[in-house]
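So the structure is just underneath, and the comments pick up after that.
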Amino acid sequence: MLKKEKAPPEVAENAPVTVAALEAVFETCYDFESRDLHIGGDASNKARLCFLDGLVSGSDVAEQVIRPLTDPDRFAGVRGSQAIARLLGGSVYVYTAKCRETLGDLSADLLNGFCALIFDAERRAVTFEVKSPQRRGVDAPKEEKVVKGAKDAFVETMKINTTLVRRKLRNPHLKIREFPLGQRARTSAVLVYIDGFTNPELVAEASRRLEKIDVEGALTSAVIEENIVDRHRSPFPQVISTERTDKFCMNLLEGRVGMLVDGLPLGFLVPGTFSQFMKVPEDHSGHFIVASALTLLRYLSVALTLLAPAFYVAVAMYHQEMIPTRLLQSMIEAHASVPFPTAVEVVLMLLAFELLQEAGIRLPSPIGETVSIIGALIVGQSAVEASVVSPVVVVVVALAGIAGYTMPNIDMGSALRLCRFLLVLAAIFLGMFGVAMGCALIVYHLSSLESFGVPYMSPFAGSEGRHQSRALLRKSMTVKRDREPELKTGDGGEAKL
Amino acid sequence: MKKAILLTLALALALTGCSKGLTIFSNYRRIENIELVRAFTADAREDGVLVSIYGTAGEENDARMVEKSGPSLGTAMGELLMMPLGREAILSHTENMLIGEDMARSRLNECLDYVERYSETRLDIGLLIVRGSSARDLLKGLSGSDPSAADVIAGLANHLDRVGEGTVFTCREVAVSLLENGVALVQCVRGVEEEKLFDARGDLNIEPAGFAVVTEDGQTLEFLTGEETLGSLLLLSRLRSKNLDLTVEDAVFTVSLEELKTAYEPVFDGDGALTKMKVRIAAGAKLVSLRGVADVTEKACREAVERALSERLKAAAQAAVARSQALGLDFLDLHGVTARKHPGKLAALGRDWSEIFPALPVEVEVEGALRRTFDIMDSPEIAEKEEMTPWEKLTESLKDN
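So the protein sequences, as listed, match chains G and P.
Here the first sequence stands for residues 340 to 836, numbered as in my numbering.
Here the second sequence stands for residues 13 to 413, numbered as in my numbering.
Structural data, given as C-alpha cells:
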C-alpha cells in the first residue's frame with residue numbers, strides 16, 4: 340500500500356520573506372538551488388542566493404550577481420538595508436532588479452527566471468532577472484506559410500512574442516497588459532491592443548473574460564478559446580488563432596484585440612467572424628485581383644466541402660431526375676456491381692477519408708505523408724476495383740475532402756467536416772429536403788452567433804450592405820477602404836492597410 | 013436552437029412523408045435498380061392504346077423495348093411501369109414521345125394530358141407524330157446498338173433546327189398553342205430504309221416529314237410539307253439555318269441563311285377595324301457555293317441574288333399563310349401577335365378571330381441581304397460601303413417598330 344504523500348505547503352502570498360519559508364515552499368524541488376554569499380567577501384556578512392536551476396543562466400548569475408556582490412571594493416562593510424539599496428541602485432550588472440517583501444512575489448519571480456538574494460534579518464529580498472537563454476529561436480511559420488511575406492512566427496516565449504509585435508508596430512499606444520492565468524500554473528498572458536484606436540468596450544470585455552478564466556493552468560490554446568468565446572458549444576471557431584506575427588499585427592491595426600500566452604506559439608485575436616476565417620496572409624501579399632479570385636474560390640470550397648457528399652446522396656437516392664441522363668447512366672452502370680446502398684457507400688468512404696486524414700496527422704511527417712498517398716491511391720483504387728464503392732463516390736468524397744483542405748483555419752475546416760457528416764445523414768433520411776433543412780439550420784446557427792458583440796456572419800448579416808464586398812474581394816492597396824464598422828474603432832473612418 | 017431544430021425537422025417530415033423502410037422520405041429508389049425510359053410511343057388500337065417504352069440501365073447496349081396495351085394510355089403505361097422487369101422504370105429522363113398518326117388524329121389530348129399529370133414526366137418532352145407506320149414499328153426499327161434509338165431521335169430533333177427542315181415542339185408548347193389558338197403544329201417523322209442520316213444499325217432510319225396541324229378537339233389533322241413548312245418556320249421565328257439554291261441567270265447560288273428577323277404589324281383603320289397584317293422579314297445570308305459564272309463582287313450580281321432570296325422566302329411565307337387561312341386555323345399565331353401588340357384594339361373589334369382571320373389580308377415583305385460571299389475580292393474592307401446597306405436599313409426600321 341502506498342504511503343500517502345504529505346500535502347505540499349500552501350504558499351502564503353503575504354508571508355514575510357525568509358530563507359526558511361522559501362525553502363519550505365520549494366521543498367523537494369530538484370531544481371531549487373540556494374547558497375550563502377559573503378557580501379564584500381566578509382564571512383560575517385551573509386545573504387542567501389536562491390534560484391531555480393535551468394530557468395536562470397548560470398554564467399549570468401556568476402558574472403553579473405555573485406562577482407560584483409562578493410567584491411570587497413564594492414561591498415566591504417555594507418550590510419542589511421544599505422546593501423539592498425546599493426543592489427537596487429545598480430551595483431550589480433543586471434538590468435532588472437526588484438525588491439520583494441512577500442513570499443508570493445518572491446516565488447513568482449523565481450518561477451519567472453529571476454534569482455533572489457534574501458536578507459533574512461531584513462525580511463526582504465532583491466531579485467534579478469537572469470533568464471536562461473535556452474529557448475526556441477524565432478522560426479518560419481510551419482502551418483501558415485506564404486511565399487511573399489514575413490518569415491517570423493510566434494514562439495513559446497512570451498517576451499520574444501511581444502518583442503516581435505513591438506518591432507512591427509512601433510507605436511507608443513500599443514498596450515500590452517498582463518494577466519496571470521491558472522490557479523496553479525500561473526501562466527502569463529497578455530492583452531495587446533492599440534490604445535485610443537481599438538474599441539474600449541472590446542478591450543474591457545476581453546479583459547473581463549481573461550480575468551474570469553478559472554483553470555488550473557493555461558497550457559493549451561483551448562483553455563483560452565473555450566473560456567473567452569460567447570458560445571463554447573458551437574463547433575465553429577470564434578477566436579482567430581495565428582502563428583504569424585504579421586497577421587496578428589494587421590488585425591490589431593484593423594481594431595481587433597490580441598492575446599498572447601506564455602508557452603503557446605500562437606496569437607489569439609477577437610472578435611473572430613466567419614469572413615476572417617476565410618482569409619489567408621497571402622491575400623495581402625499577392626495581387627488584389629488574384630487574391631479576390633482565390634477568396635471567392637475558398638467560399639466555393641465551403642459549399643463544395645459541405646454539400647458535395649450530401650447532394651450526391653440526395654440525388655442518387657431520391658432525386659434521380661435532377662441528374663443529367665448521361666451522368667445517371669454512368670452512375671447506374673458504376674453502381675451495378677457495388678453491393679452496398681448509396682448511403683452506406685458514402686458514409687464508409689467519408690469515414691475512411693477521416694481515418695486516413697487522422698492517421699496522416701498523427702504519424703511522423705514522412706510516414707504520415709506516405710500513409711496519405713497509399714490511402715488515397717491504393718486503397719481508393721482497390722476499393723473501386725473490388726466493387727466496394729463506386730468511382731463516382733470516390734470522386735465526390737475526394738472532391739469534398741480536397742475542398743475542405745483549402746480552409747485557411749483548421750478549426751473552421753473541422754467544423755465544416757462535422758457539418759458535412761450531419762448533412763449527409765440528413766440527406767440519407769430526408770433527401771434534398773434534409774439537405775435544405777440542414778443548410779437552413781447551419782445558416783441559422785451561424786447567424787445567431789456573436790463574437791464579442793460582433794455578429795459572426797458580418798458583413799453578410801447584421802451589418803451594412805455596402806460592406807459585404809469587403810469580405811469577398813480585396814481592394815487595391817492604393818485605394819483607401821472603409822474600416823469594419825462592427826469593430827467601432829477610434830477613428831471609424833478609412834484605412835489604407 | 014432546439015426550437016429551430018425541432019421546427020425544421022417537423023417541416024422536413026411534413027414535406028417528405030414517412031416511408032415504411034429505413035429512410036423517411038418515401039421517394040427512395042436504389043440507383044442500381046433504375047431503368048431510364050428515354051423514349052416512348054403510343055399507338056391507337058381498336059381496343060385502346062399500345063404503349064412501348066424504350067429504356068436503358070447504364071450503357072445504351074443494355075437498351076430494351078417493352079410494350080403493353082390497355083384501354084387508355086394511363087392504364088397501359090401504368091401496367092408497363094409496374095411490370096416485373098427487374099428494374100424500376102422512370103420517366104423523368106424521357107426526351108421524346110412518338111405517337112402514331114391514328115393516335116394523333118383521335119387521342120392527342122390524352123397523350124398531352126398524361127405528360128402533364130404524371131409527376132415524373134417533364135413538360136419539355138419532344139412530341140413527334142409518326143407518318144407511314146405505327147410509332148411502335150418505327151421505334152423498333154430504329155433500335156440498334158449504336159447509336160441507340162433514343163439518340164437517333166434526339167439527334168434528329170437537334171438536326172432539324174440546323175437544316176431548316178422543321179422543329180420539334182415540346183408537349184408544353186403544343187398544349188399552350190392548343191389552349192391559346194385552338195391549333196398547334198407538331199413535327200412529323202417517318203421511317204426510311206434508305207439514305208440514312210446517321211450510322212444507325214437498326215433496320216430503319218428516321219427523317220422529317222413536315223408538320224402536322226392538330227386542333228384542340230383532335231378532329232383535324234392536316235399536314236404541311238415543303239414550302240409551307242419553310243414558311244411556317246420563318247413566320248414562327250423557329251428557323252435557325254437553311255441552305256437554299258437560288259438560280260440567277262445561268263448561275264446557281266447556294267446560300268445559307270444566317271440571321272432572320274420577323275416583325276408583324278397589324279394595321280387598323282380609323283374605325284378600329286383590322287384591315288391587314290404586315291409581315292416584314294429580314295434575312296441575312298452567306299454564299300456557300302456557286303455553280304456557273306458570276307461576279308459576286310459586282311453590286312448588280314449581289315442585288316440579283318438578294319432579290320432571288322427575297323422572292324423565295326416570300327413565296328414560302330405566303331404559302332404558309334395561304335394554307336393557314338384556307339384551313340381557317342391560325343397555327344402561325346397571328347392572333348397572339350395582334351393581342352400582344354394591340355390588346356385594346358383587338359378587344360374592341362367585336363368580332364370573333366375565327367371570322368376575321370380567314371379573310372385577313374396578310375402582306376409579306378422580305379428583305380434579303382447577301383452579307384458575305386467569301387470571295388477574295390470581297391473582303392470586309394472592300395465590301396464596306398459608306399451608305400447603309402438594305403439589311404442595315406431594315407434592321408434599323410425593325411428596331412424602330
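We put the beta carbon where it would ideally sit given N, CA and C, even for glycine.
| Check | Outcome |
| --- | --- |
| Reference residue 397 of chain G, options G/810, G/478, G/473 and G/701, closest by Cα | G/473 |
| Beta carbon of residue 47 of chain P nearer than 8 Å to that of residue 132 of chain P | no |
| Any chain G beta carbon closer than 8 Å to residue 170 of chain P | no |
| Residue 702 of chain G - DSSP class collapsed to helix/strand/coil | coil |
| CB-CB length for residue 62 of chain P against residue 184 of chain P, believed under 8 Å | About 25 Å separates the two Cβ atoms, so there is no contact after all. |
| Residues of the stretch 774-796 of chain G with Cβ closer than 7 Å to any Cβ of chain P, in chain order | 776, 779, 780, 783 and 784 |
| Residue burial classification, residue 369 of chain G (beta-carbon count within 10 angstroms, cutoff 16) | exposed |
| CB contact flag (residue 326 of chain G, residue 540 of chain G, <8 Å) | Residue 326 of chain G lies beyond the stretch modelled for chain G, which goes from 340 to 836, so this question has no answer here. |
| Span of the beta strand (DSSP E) around residue 277 of chain P | 263-280 |
| Contact the stretch 18-30 of chain P vs the stretch 658-672 of chain G: 3+ CB pairs below 8 Å | no |
| Residue(s) in a DSSP beta bridge with residue 332 of chain P | Looking at the DSSP assignment, residue 332 of chain P forms no beta bridge with any residue, so it has no partner. |
| Beta-carbon spacing of residue 685 of chain G, residue 591 of chain G below 8 Å | no |
| Cross-strand partners of residue 355 of chain G (DSSP beta bridge) | G/441 |
| Expected contact under 8 Å - CB spacing of residue 766 of chain G and residue 653 of chain G to nearest Å | 4 Å |
| Residue 227 of chain P beta carbon less than 8 Å from that of residue 154 of chain P | no |
| Beta-carbon proximity of residue 795 of chain G to residue 577 of chain G, cut-off 8 Å | yes |
| Span separating the alpha-carbon of residue 338 of chain P from that of residue 361 of chain P | 22 Å |
| Assigned secondary structure, residue 454 of chain G (DSSP; H/G/I helix, E/B strand, else coil) | strand |
| Which of helix, strand or coil DSSP assigns to residue 565 of chain G | helix |
| Below-8 Å beta-carbon distance, residue 104 of chain P vs any chain G residue | yes |
| Beta carbon proximity, residue 128 of chain P to chain G, threshold 8 Å | no |
| Residue 627 of chain G beta carbon near the ligand FMN (any heavy atom closer than 7 Å) | For the structure depicted, the ligand FMN is absent and the ligand set is empty, with no information on it obtainable. |
| Chain G within 8 Å of residue 14 of chain P, Cβ atoms only | no |
| Short-range partners of chain G found in the stretch 39-52 of chain P, where Cβ spacing is below 8 Å | 39, 40, 41, 42, 43, 44, 46, 48 and 50 |
| Cβ contact (3+ pairs, closer than 8 Å) linking the stretch 297-307 of chain P and the stretch 347-364 of chain P | no |
| Cβ-based burial, residue 378 of chain G [other Cβ within 10 Å; buried from 16] | buried |
| Close Cβ partners of residue 372 of chain P (< 8 Å) along its chain, the five nearest in sequence each way excluded | 286, 288, 289, 337 and 346 |
| Residue-level contact to chain P via CB, residue 651 of chain G, 8 Å cutoff | no |
| Selection of the stretch 680-701 of chain G by Cβ proximity to chain P, strictly under 7 Å | 680 and 681 |
| Short Cβ contact (8 Å threshold) for residue 216 of chain P with residue 139 of chain P | no |
| Length of the line joining the Cα atoms of residue 793 of chain G and residue 827 of chain G | 10 Å |
| Beta carbon proximity, residue 17 of chain P to chain G, threshold 8 Å | yes |
| Neighbourhood of residue 329 of chain P by C-beta, 8 Å cutoff - its chain only, sequence neighbours within 5 removed | 243, 246, 247, 291, 293, 376 and 378 |
| Buried/exposed call for residue 563 of chain G, threshold 16 Cβ in 10 Å | buried |
| Unbroken alpha helix (DSSP H) run spanning residue 189 of chain P, endpoints | 183-193 |
| Neighbour-count burial assignment, residue 659 of chain G, 16 or more Cβ in a 10 Å radius | buried |
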